[in-house]
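What follows is the structure in structure tokens.
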């Protein structure tokens, strides 16, 4: 298995090793290296990651508790979500990220505004660069959304939002966007930034919700 983190270090501190195994498996699931309904075998994973079965078992249980994998006949499978489940997740995301944008418009510090402005400038540069990769656009998108969440000043809300973003279909979404849709999405970021900078909470909430709902419509169209 080729993940972004590679082999999970050598045997060492047990909690650290278990966390590394968890992060490696989670990344592999989110990025589609492990596909929906694929069986996850402890012994195979342990060999691939250079770990014992104990931290692998702990990581699988943790991923199961988070809903990323499910147990069937004593075997762990990567969970496949129905269209209705995906819709529910995105409806929750729209509500949470809309509220985060509202709070950001009310609470953002000068440093928060400066950080968002920096990301908008980086975004503009990438929009005019024909050599930029789709993965770079995804990274920029994530950093912008994270900056809005940080500006909201509510760690618990931020944790809920990030939980609702950690599904494989969120990462697959990037491949569904046309170049024109990518540009439109980045333009929506600019509109959201302006609403936050101008202290317009209602407008920020509305823009953030619409931004998520557009993504949902694209997924539903693809899965129809």
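In my numbering, the protein residues as written are 10 to 233.
Don't be surprised by glycine CBs; every beta carbon is placed ideally from N, CA and C.
Since the structure is predicted, the reported quantities are computational estimates derived from the model, not experimental observations.
Once the 5 residues before and after residue 66 are set aside, which same chain residues still bring their CB inside 8 angstroms of it? 51
For residue 205, which residues in the same chain have their Cβ closer than 6 angstroms to its Cβ, ignoring the five residues on either side in sequence? 113, 114, 117 and 213
Would you call the CB atoms of residue 95 and residue 178 closer than 8 angstroms? yes
Outcome for residue 119 when other beta-carbon atoms lying within 10 angstroms are tallied against a minimum of 16: exposed
Apart from the five residues on each side of it in sequence, which residues of its chain come closer than 8 angstroms, Cβ to Cβ, to residue 80? 73 and 86
Does DSSP classify residue 14 as helix, strand or coil? Note that residue 14 scores 38 on pLDDT, short of 50, meaning its location in the model is unreliable and no value can be drawn from it.
Strictly by DSSP, which residues pair up with residue 34? Answer is none; residue 34 lacks a bridge partner.
Helix, strand or coil for residue 87, going by three-state DSSP, please let me know. strand
By Cβ distance, which residues of its chain are closer than 8 angstroms to residue 38, with the 5 residues on each side in sequence left out? 72, 77, 78, 87 and 177
Here's the rule I'm using: 16 or more other beta-carbon atoms within 10 Å means buried, otherwise exposed. How should residue 64 be labelled? buried
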